[in-house]
Every structure is written in structure tokens, then in C-alpha cells.
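One line per chain: the protein sequences are A, B and C, in this order. Count the first sequence with the working numbering and you get residues 58 to 402, in order. Count the second sequence with the working numbering and you get residues 963 to 1317, in order. Count the third sequence with the working numbering and you get residues 1011 to 1331, in order.
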Amino acid sequence: MEVREHSPPPGRRRHASAWRRLLRQPAAIVAACVLLGIVTLCLLAPVYAREVAHTGPDANHVTATVSVSGRRLDVVSPTGVPIGPTWQGRFLFGADPNGRDVAVRLLYGGRNSLQIAAIATLLTMLLAVIVALLAGWFGGALDALLSRLMDLIWSYPVLLLGVALGVTLAVSGIDLGFTTLKGGSLLLPALIIGVVYVPYMARPLRAQTIELARREFVDAARQQGLSGARIMFGEILPNLSSSVVVFAPLLLANAILLESGLSFLGAGVQAPAPSWGTMISEGTRLMPAAIHLVLAPGLMLLAAVLSANVLAEAARDALDPRGRRLRVRPTAGGLDRGLPDGEPA
Amino acid sequence: MSAAAATPRAGAPVPSPGDGALLGVRDLRVRFHGEQGVVQAVDGVSFSIRPGEVLAIVGESGCGKSATALSVAGLTREAQAELSGSVSFEGAELLGASERRLRAVRGAQIATAFQDPMSALNPVQRVGDQIAEQVRAHEPVSRAQARARAVAALRQAGVPEPELRARSYPHELSGGMRQRAMIALALSCSPKLLIADEPTTALDVTVQAQIVAELARLRERLGMAVMLVSHDLGVVAGLADRVLVMYAGQVIEQGEAREVFEDPQHPYTWGLLGSIARIDRERPRRLPAIPGSPPSLLHPPAGCRFRERCPHAFAACVSPVELRARTEHAGHLDRCLLSGEQKRSRRVVEGRIGL
Amino acid sequence: MMLAFAARRLAAMVLVLFAISVLTFLIFEVIPNGDPALRLAGRLANPQEIHDVRAQWGFDKPVYVQYLRTMEQVLTGKVISYTQQVNVLDEVAEDLPATISLTVGASVIWLLMGVALGVLGAQLARGGPLARLADRGLGALAMAGISTPAFLVGDLLLFYLGYRLRIFPLGGYVPLTEDPLRWLTHMLLPWLSLAILFAGFYSRVLRAGILDTMGESYVRTARAKGLSPRRVLLAHVLRNSLLPIVALWGLDFAAVLGGGALLTETVFNLHGVGQYAAESIQRLDIPPILVITMLTAFLVVVLSAATDLLQAALDPRVRLR
């Protein structure tokens, strides 16, 4: 049909209208609330531990008993089977074989998982933007070098690379020059995840940078005698911002997933520190006896990743200029396609 | 039908399909429900086509001419579209007809040659197979016979080496060749009505002329009726028996081709005529285009829809203008309130017709 | 053209394998993670024994010598595990059937599920309000599938269908040649847990592709030709919107070998290559890791070339590069 929008709104109004579109999607609002709720809960872990559960994340209660609706029950049975959910303050989601409170560990573990994922996401975004700007702007040998490096990381299976790095670094720690990360540090998995996902984001951003560098407004900036750095960060970077916004929740979801995978294989968060992945891993080993050890962290993880993914899709819908056509045109599912391209402000 | 109330049509002399008309369209309305509201793409269009006649529908892009043409064979039917009025083909109603019934008509009785054959032909199917597919959909022929028919159709449409071209993919053909293949596809089942939607757009001028000549030749030979949709009155000039000028979803002028070209009544038609690049005349310094752009069909203006772009508009243009005969020719209708005298004097610009 | 394509891909493959082997070696060698000689010699070894082991395995040589030595062993098929002192290639060959069963089966399942759900979703999306609601439900399901780690799905399937309802065996692998029926029952849950992740993703990609293609001009041409809706969908819409899915499939199939398979095989104790890799990593045993990573990377390159060939065969516009 020849039905088409007549004048696309100018770039200045784009972000405002993107926000409006984002807020029009009820799923996005629900997802944001769920994610915020989970984050808040996990941040309140010490409060919950002290005020409700009256125990800490690493405190053992193997020989203790707990009273559930009038009956005294062993926290861990003589045969080593931990108690299931009591649905009350103490041992809300039951105990693990060490007699630790699962609900408390769930919140502390969530704090670790989310912290790692958040740091990894920020690290990926930072590195990816730098790599994309340098490669896309300078081109030539630097572009070739960075692009091959990205290809190399990309062709290395993500989980295998993460696990390999995780295991080796867990033993030795790493010296970053300005600071040293010890083997058990939570920053190690964050660092690994952050690096592993850089190509995922850097490659599309590089393509976008190259495309932007050919636009008139960059030419104009160049003729005004602005330095390369000024143009890169002052002119091009703001135009990449919408892509970066779309990537953020997507990276967060994938970082949480990768952290759990690494921890599941013993290459992420190291015992006794809890994380959702290590908790699922421990539960798997005790499999038929105590499914609550898998269910509690598993459902929490699912809720967090699902809401981050829903947010990512909503952000993509809102920022995708193709979504504004009159014809019902859905967005593409793949990350490699359908990225919103920057418009000169 | 809230939009209908704003457009009085009682008493407007709508040409009836009459006896022997192949196609009769009466008060066709097409509305699309989009994200931003309802678009009235076609707003009460009526016309008829006799067997073997060439009717041209002309207007700028977005004026509803394609939506009109596509609605005839029900190709605008989709969840967001709303159609009303009547389309009768050989006396049978098509607008409310079942999809099954329409399918038998599409391709066999009413065939459509779309614009931009690069995207209108399936990129991953050989040209010959695309034609054979249509033949087999309508006639009980074998694969080999259908393939032979496809080659014959290509030859008929003036494609050189048709056996070879039938095995080509669309992207392997030149623009003119693709358009000929598209026409071959449309004509392969010998339809009674060919709808040619912008058949020469995106082709260079010499190829355009070839395609127009080809269409004229084929029409002559096959005797089918043609509905020619174009934004270019120049393309239409040599072919059309009658012309329908559309603007913002409405017909603003219609009549015999000779009358519309020699005695155009509506300033919009003047503008279209003024912007024809004519090969037989010296080019003016600058090809005058009609300034401005058509109004949004989300909220079409009341009164004459061309008012805002028309240098001759006056106070009365604010109220609705009906489509009726305003010259001595009963079949020549228009929607302009200027007097015949005013029209004759104002449409001459630099010795030729223009806005 | 074909020859140039093969040559280019072969060169790229050699380069990638070289780079990946170096990277793997560096990760385990440059990052100081304890002397492998200590582990090989055993806990009760005296310094002389440790020294002997070091000299025997060449751990006292410079890194590049060690790399070349290991690579020579890999390429001649004589690579020995540091911790178990068995031939790694034999071990991998023994584990390969389980992994191939897992990945091939799962990828076929997710492709079929993805196509079925994608077509269904696209049909529903173009229907009335109730159908569109159902489509949104499918979308939510797919999203949940994408958001669930394979090991969680595996755990839950194993617990409820294995331990609780006793419908399926509790993990382990039975070779196809030994007992096809038991092979099937042992593989079904692993297949499902691996496939759910991708089926959701594929269904959404295909749904979007179908809806995009439905708006294409050539689909309108197909309708104008008087074809039945079924024919339009199969020959014109699906034919074109499946093209990107084919590309995705080839790449994901390879990626699963170094990702989802590790986790799924561990959950279901399939004794596949992935589980072997996971265990070797935990033992800091470089040779198996090196071999498996290179094997995976090799498959990634080969499959991406195969995918390109398939793409070119399906889409006449694609030129092989």
C-alpha cells in the first residue's frame, strides 16, 4: 500500500518518543518492576538474614531442629536429607545439606550473581564501545587488528572459554597491574564474562560507527577542525547510545546466564560464597533428595533473566524506527539484524 | 462510515456499469486501520471499464490509485483493511465474494502486472516457474505444458531468447526485461482485464517507451481491457481511452482521454499535465512540479482536498465539492468550482497547460 | 568459484585453529596455575621424581617448544592426558557418539519445533484479537525458553519425569548400536532440555521473518496469481523466510558443541565430549581441552562453510565468498 508516515519525527524527539513507546508496553513495565524487586530483595539480604531468618548465609545448623506448625523437625535428617520449605521465617525455602538456610543463601547468592552480571555488563559495554569507536573511526591496521581479535574471541566457544579462564584464574588470581584479583574474588567471573561478550556487542557497533563516520554531520565536524577524539566521543558516541541502551538488558540477561553456567561447572563463584549457579549445582548433586535446592535458585534466576530479556525486547521495539511504519511489521529476533541506527541529533 | 457523512454524494451522477461493462466499480471505499488511526485510502470511487477499453488512473503517489486497483481483485483484503461499495466483474459481485471464488478470478480473468518487478517477482524462483505456477493454478495442464506456456508468454511479451530467460532468476534480468517478464506472467492465462500498476516506474525513458509500445501492441492483439495505473500522464497519453484523475483518495476529474488532455478542468490535472516531460517538445528550463505534498489521509481536509496547494483557490473551496459534469460533455466530470471561462484562461502557463 | 571458495575457507580454518590453539595454550600456560609436573608426579613424589617428570614431559622447556610439542602430538594423534595418562583422541572418539546423538537429535528437534511454532505464531498474529492473544502467549513461552539455562530445564525434567514419575531413565548413555529403544529413552530428556532454549528463539525469528515476508511485494504477486493460501505460504513465504533460519541452524549446531552440550551432558551424565571437557578443565588438564576446543572450532568453521554452501544452493542471489 502507499500508506506511509509522511514526516518522520526529527532526531531530537526520538528518545522522548522512544520512552513513550516503552512506557506504553505493559510487559516492559512489569518486567522492570520484577527486576527492580529482585534487586531490592537481594540488596536487603542482610536485613532478611538478621530480622527474619535469624541466621547468616554460611551458618551451619546441621544438628539443629526447627519447629514447624508445632512439630520439632531436624534441619538435616540423620541420613543427610535437608528439610524442605517450611513457609515460615526460619528456613522459608528449607535447608541445604550443611543446614544452611536456603532463603538466606538465595538472597546473598542473588546479590553475588547480580553484582557479577552488572559489573560484567558495564565492562562489556565500556570495552565494546571503545573497540567499536577505535576500529570504526581509525580503520586500517587498527581496525584489522581489533576485528581479528574479536573474531578470535568469537570463534572460541563462549562457555568453554569462560570455563577455561575461570578454572585457571580461580587457582591463581590475576594481576591487572593496578590491582590484583585473588582466586576467590567475585570480580574474577565478572571480568571473564565481561571480556567474553565484548565481540557480541563490538561487532555491530563497529559497523554502525563506520556508517556514522560517513554521514554529513561528521564531515561538518571534521571541517570545523574538531579533533578525532572530540568527534568520536562528542558526535558519534551519542548516536550509538540507542544501540547501547538496547544491548544493556540483553547483556545483563546473558551475563546472569553465563555466570550460572560457569558456577554450575565450578568455574565461577567459588565455595563457600553462594550464587544462583553454585546453588543449582549443589542441588543437582543432591538431586532426588531435595528438589527445592534447584527450584528456589532456578526460579529466581529464571525470573531475573526473563524480565531482563523482556526489557531488552521492549527497548528494541521502542527504539526500532521500523516499528513506526503503519504496516504491522514485527522486529527481527536476531541481534545481528534490526538494530536501531543512529540519527544525527 | 463516519467519513462518508462528510462527503455528500447524493445526486452525484455516478456512471452506472451499464450494459456490456466488463468491470463496474461503485462507491468503493477502502480504509486501513493503522497504529496512528484510520487511513481513508479510497473514498467513494466509481467507474466502469468496457471490454477492450483502456482506463488510466492517474495521480501522485499516495493518492489511492493503487489501493483502488488492488481492491478490484481483493488484494487489499487483510485484517486491518475495511472495504465497502461494489465491484462487479462480468455482472458478478467481487467485493464480498469468497476467497475461493476470488482465487479463480485472480490471474485467470483479472491479472495484475505490478510495479517494481524486482521485488514483485519471487527472488528465489525461476521466472519461467513463476509463470508456469500461475498456469497450473488455473488450468489442468502438465508440468511440461505449463513450462511451454511460460516460454510462449515470455516470447509474446517480447522477451528475446525466451527459453533461456525462463530459466533465469529475476535478479539476472535487466529492468526492462523483468518488466516484460512481469507482463508475460500477467498475460499467460489470457485475462479479460489487465491491471498494470505503474508498469514503467523505475525504468529509464527509452525502456519506458518500449514497454508502453509493447502494452499497446498486446492490447491490440489480445483485445483485453486494461486498467493502467500511473503517476505519469505522459505514459498514459498514447494508451488510454479514458482517464481517471485521483487526489487524496477521491476522483477529482474523469472523462475521455482526449477531453481530459485537451480541456482539463481541475487545477490538479493542469499541474500533472504541466509536469509531463515531453520528448517531442523542447524541454522547459525547469520541469514544473506541483508545489507541496498531498494531505494526510488520516485527517483529510473538508472541502476541496487540493485547496491547500491550489493557487486558484477561493472562499467557496472550503465547502465540499461534488464530482459532476461541468462542461458540455456529459461524461467529463470534475470537482472544481471555477467557471469554464476562468479555467480556460488560468490553465495556460508559458503557452502550455500548467498550474 | 567453488575452488576459490574452498581455498579461502581452508586458509581461514587453518588460521582460526592456529589462533585458538595458541590462545588455549596461553590460558593454561601463561596464567600461573600450578606446576603440572607436581600433579603428574603425584602427591607423595620427592623432588627428584618431580624433576624427572618435568624433564620427561618437557615442562622445563620454553613455552613455544611446549606448544609445538603438544601440537605435534595433537596432529599425529599421540596426545596424552596430563592427569590420566591415556590417549586423549581415543577418549574423545569413545565419547563422540553420545555428543553427536545429543547435538544432532536436539538440533533437529529445535528446528522442527521452531518452524512449527513460528508458522503457528505468524498465523495467529494475523488473526483476530483472540488469536493475537494466543500469539502473545506463544511469545511469552518462547521468551521463557530463551531465558532458562539448559541445566535447569534438565534438572527439572530429570527430577519430575525421571525420579518422580519414573517415565525416563535417570541419565547415562546407551549406544544406538546396542539398543535403539533404550538409546531413544535415554536421549529424549537431554534433547528436550537442550532444544527448548533454541526452539523458542527460532520460533520468534521465523515468526518475524514470515510476517516480514508476508509484506513483500512478491507475496502479493503470488496472491494475485490466484494461488491457494497454502501454496502462497509454502512456496513463497516459507521458502524465503526459512533462509536465515538455515544459516542460524548451522552456526548454532556448532556452537552447542562448546556450550549447551557441556552443561546437558553433565546434568544427564552422558559421558560425552562436553562432559569430558568440563572434567578436564576442572583437572587443569590441558591436552584434552586443547583437542576438544580445536575440534569444536574446526566444526564451527566447517559447518559455517557448509551453511554458506547450503545458503547458496537455496538462494540464487547469494554468491560464495
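C-beta atoms are modelled at their ideal positions from N, C-alpha and C, and glycine is treated no differently.
Residue i at chain C interface by Cβ criterion, 8 Å
i, result
"residue 74 of chain A", "no"
"residue 1078 of chain B", "yes"
"residue 1160 of chain B", "no"
"residue 1063 of chain B", "no"
"residue 1081 of chain B", "yes"
"residue 1070 of chain B", "yes"
"residue 288 of chain A", "no"
"residue 213 of chain A", "yes"
"residue 1100 of chain B", "yes"
"residue 1133 of chain B", "yes"
"residue 1213 of chain B", "no"
"residue 1256 of chain B", "no"
"residue 1108 of chain B", "no"
"residue 1052 of chain B", "no"
"residue 1169 of chain B", "no"
"residue 1037 of chain B", "yes"
"residue 963 of chain B", "At residue 963 of chain B, the pLDDT of 39 sits below 50, so the modelled position is not reliable; the number obtained from the coordinates is stated separately. With 8 Å as the cut-off, residue 963 of chain B does not count as an interface residue toward chain C."
"residue 1086 of chain B", "yes"
Reduced DSSP secondary structure (H/G/I, E/B, other) of residue i
i, result
"residue 1275 of chain C", "helix"
"residue 122 of chain A", "strand"
"residue 1080 of chain B", "helix"
"residue 1169 of chain C", "helix"
"residue 204 of chain A", "helix"
"residue 1006 of chain B", "strand"
"residue 1228 of chain C", "helix"
"residue 1304 of chain C", "helix"
"residue 1186 of chain B", "coil"
Residue-chain proximity (residue i, chain A), Cβ-Cβ < 8 Å
i, result
"residue 1287 of chain C", "yes"
"residue 1251 of chain C", "no"
"residue 1094 of chain C", "no"
"residue 1161 of chain C", "yes"
"residue 1157 of chain C", "yes"
Contact with chain B by residue i, beta-carbon distance below 8 Å
i, result
"residue 1236 of chain C", "yes"
"residue 1231 of chain C", "yes"
"residue 1222 of chain C", "no"
CB-CB length for residue i against residue j, believed under 8 Å
i, j, result
"residue 1295 of chain B", "residue 1217 of chain B", "7 Å"
"residue 319 of chain A", "residue 219 of chain A", "5 Å"
"residue 133 of chain A", "residue 119 of chain A", "5 Å"
"residue 1011 of chain B", "residue 1031 of chain B", "The pair is not a contact, with the Cβ atoms about 11 Å apart (cut-off 8 Å)."
"residue 1147 of chain B", "residue 1156 of chain B", "The Cβ separation is near 11 Å, so there is no contact."
"residue 1253 of chain B", "residue 1264 of chain B", "Going by Cβ atoms, the distance from residue 1253 of chain B to residue 1264 of chain B rounds to 22 Å, so no, they are not a contact pair."
Candidates the options, of which the one nearest residue i by Cα
i, options, result
"residue 1193 of chain C", "C/1203, C/1204, C/1181", "C/1181"
"residue 1228 of chain C", "C/1241, C/1246, C/1219", "C/1246"
"residue 1375 of chain B", "B/1071, B/1027, B/1172, B/1229", "Look at the range of chain B in this structure, 963 to 1317, and you will see that residue 1375 of chain B is not part of it."
"residue 1001 of chain B", "B/1009, B/992, B/1008", "B/992"
"residue 1068 of chain C", "C/1039, C/1056, C/1101", "C/1039"
"residue 269 of chain A", "A/311, A/122, A/342, A/195", "A/195"
"residue 1299 of chain C", "C/1319, C/1081, C/1020", "C/1081"
"residue 105 of chain A", "A/333, A/164, A/142, A/192", "A/164"
"residue 1259 of chain C", "C/1274, C/1205, C/1133", "C/1205"
"residue 1080 of chain B", "C/1288, C/1226, C/1264", "C/1226"
"residue 1173 of chain B", "B/1154, B/1269, B/1144", "B/1144"
"residue 1058 of chain B", "B/990, B/1016, B/1311", "B/990"
"residue 181 of chain A", "A/294, A/213, A/204, A/258", "A/258"
beta-carbon residue i near the ligand PLP non-hydrogen atom, thresh 7 Å
i, result
"residue 1076 of chain C", "As for the ligand PLP, it is missing from this structure, which has no ligand bound."
Original post:
Taking a cut of 7 Å between CB atoms, which residues from the segment 990-1019 of chain B lie near chain C?
Top reply: Sequence-ordered contacts of the segment 990-1019 of chain B with chain C are nonexistent [C-beta pairs closer than 7 Å].
**OP:** With 7 Å as the limit, tell me which residues of the segment 1131-1155 of chain C have their beta carbon closer than that to any beta carbon of chain A; keep them in chain order.
**Re:** Result list: 1153, 1154.
Subject >> Where the segment 1066-1086 of chain C meets chain B: residues whose CB sits under 7 Å from a CB there >> reply: So the list is empty, because no residue satisfies the distance condition.
Original post:
If contact means a Cβ-Cβ distance below 8 Å, which residues of the segment 1180-1202 of chain B contact chain C?
Top reply: For the segment 1180-1202 of chain B, the set of positions with a beta-carbon nearer than 8 Å to some beta-carbon of chain C is empty.
Original post:
Just by C-beta distance, which residues in the segment 319-330 of chain A are closer than 8 Å to chain C?
Top reply: So the list reads 321, 322, 323, 324, given in the order they occur along the chain.
Original post:
If contact means a Cβ-Cβ distance below 7 Å, which residues of the segment 1169-1192 of chain C contact chain A?
Top reply: For the segment 1169-1192 of chain C, the set of residues with a beta-carbon nearer than 7 Å to any beta-carbon of chain A comprises 1169, 1173, in chain order.
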